[in-house]
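Structure first, then comments.
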């Protein structure tokens, strides 16, 4: 019985493997076909300042000839931290300004950043353009980049001259965020102007992506900031922290330079101890957000000891001069703090952020200091603000949304239950039925959804199938359950756990890449999901075994007629022994015998080798039986020692 079910399961798995091998190239082809072609190599004399040209009679576009990609930090590929933490603080209460009557106004078209050459795109955008809104509302991970690439291409193909990324996210993974930020700034892959619309929140990796856009606008009561890298469940070592902060800060610095913003507020979002001041040149009206080092030199006329933290292992990202013109001593102490913001909020000594928390600010403060250009609540206001002729929203496709949903740990736990309980029921019933189909469908989703979402590598699936083959060999061809079975179960378990954890950037086990250290939080979550599903499955198996014939729907798999096999004279509906035996000779015991129709102690003969499952003959009726692990050769007399539902356990009769 179990041998037949094992072969049934093997048939299902081989079919699944063939489907996976057939679908994987098409998935890869679809992803690659949706990615715009790479930009050609560029010469060193091309200037990033000419990347975007404005023509008053034409929509803003990139100058593909003179628009090089943004420079990359050499250490970005080594980033090893997670950016998925929720904010540790709200906007600084003492300088919040939320009680001002202008708080939460629908639209403000007057930019508050007085830095020259940094007007809002709304002031230069011609009327009649098409806006494409691309919502980003999930955790930031590698699949988000794939999805954004596809949707950006759809927006460009639709004729959009302005792409708005609508952010509502707590953050996500640092390596994925760095890659997406570079993608947003690439003038070949994204050949139109980009707007970050923070509609509710853009923490952590979210503000990194928002800062990569050409301009930021925010919805009422929205917040940004809090972008320090963390490792869930553990504290980053000094080396790991430096490895994570280096590319993160360099990317923020490049984003700020490209967008015409100051670096100091983004620095304060990532590192504790960075103070932010708002200062202005009283002669020109030029305003900047600066750290305490620049403030000391430009306002107070004091030198700042930039070697203060040189021996501190945690001093990566420490404060230093950023914009102070220290090579022009005549300008020392010539700037002054901004004391009143456009919203009416007061800034004592120009202090915007004291540095004792990670910088987090709401839309009013962001607009006051020039990070946000406007407060926009709806798509209609967005369309009006940028004088657009039309607006289209490009959400995730149903397959992308389904893949993201099906990789949720809770959903994967239910899928594990469906897989194990379905496989167990298939093993307990003859033939290939509904339970087996449910198990295979659950397995397809468990392995296929992470593959589509970009989490799983081929080796995850290969590991699972190798483990399954080892388990089949152990069950079908060895007398006891030993090393092969245990190794098979461990490989299947590891394949399922790691299939939702991106590999690469971490250690390796031989040729197999393992997740980097910052992914161990995801590994633990996946492990708990699989273990929880397994535990619930075992409980379900116990109740199914004990009450199989009494559970609604499942009792249809077992006949409940009183067909007694006791004296051999007459069985069933008045048929003689020979006729009844012939009638049931090719039917399994599960179909012939309901619970209680053969009692413990009944004696028969092994009709096949029992290894440990097989068929026994009881007064001419061939019944599927199983031993308790021992092998019994054909022709040996056996005795029933246990009847549970449709499971009949026998042992060899010894004299």
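Residue numbers (the UniProt record's numbering): 1 to 655. Each residue gets a CB set at the ideal place from its N, CA and C atoms; glycine is no exception. Small disclaimer: the values here were computed from a predicted structure and weren't measured.
Item, Value
"Cβ neighbour criterion (16 or more within 10 Å) applied to residue 480", "exposed"
"Coil, strand or helix - residue 326 by DSSP", "coil"
"Own chain partners of residue 217 with C-beta closer than 8 Å, once the 5 adjacent residues on each side are dropped", "195, 196, 197, 198, 372, 373, 374, 375, 376, 382 and 385"
"Own chain, CB closer than 6 Å to residue 434, minus 5 neighbours either side, in chain order", "none"
"Candidates 366, 453, 536 and 330: closest to residue 343 by CA position", "366"
"Segment limits, alpha helix (DSSP H) that includes residue 464", "458-477"
"Residue 193 - containing beta strand (DSSP E), residue span", "193-203"
"Inter-residue Cα distance where the pair is residue 327 and residue 294", "13 Å"
"Endpoints, beta strand (DSSP E) assigned at residue 277", "276-280"
"Collapsed DSSP secondary structure at residue 650 in the structure displayed", "strand"
"Length of the line joining the Cα atoms of residue 378 and residue 332", "45 Å"
"Residue 486 burial status per 10 Å Cβ neighbour count (16 or more: buried)", "exposed"
"Contacts around residue 467, its chain only, beta-carbon distance under 6 Å, and the 5 residues preceding and following it disregarded", "488, 491 and 492"
"Collapsed DSSP secondary structure at residue 130 in the structure displayed", "strand"
"Cβ contact (3+ pairs, closer than 8 Å) linking the region 233-252 and the region 277-286", "no"
"Neighbour-count burial assignment, residue 393, 16 or more Cβ in a 10 Å radius", "exposed"
"Of the listed residues 472, 406 and 421, nearest to residue 452 (C-alpha basis)", "406"
"Residue environment, residue 353, which counts as buried when at least 16 other CB atoms sit within 10 Å", "buried"
"Test item: CB-CB of residue 605 and residue 624 under 8 Å", "no"
"Alpha-carbon spacing of residue 224 relative to residue 496, whole angstroms", "35 Å"
"Simplified DSSP assignment, three categories, for residue 333", "coil"
"Same chain, Cβ closer than 7 Å to residue 641, neighbours up to 5 away in sequence not counted", "600, 649, 650 and 651"
"Cross-strand partners of residue 604 (DSSP beta bridge)", "638"
"C-beta contact flag for residue 454 and residue 146 at 8 Å", "yes"
"Limits of the unbroken beta strand (DSSP E) element including residue 164", "162-169"
"Rounded C-alpha distance that separates residue 135 from residue 395", "6 Å"
"Closest Cα partner of residue 193 within the set 399, 131 and 461", "131"
"Range of the contiguous alpha helix (DSSP H) that encloses residue 412", "409-428"
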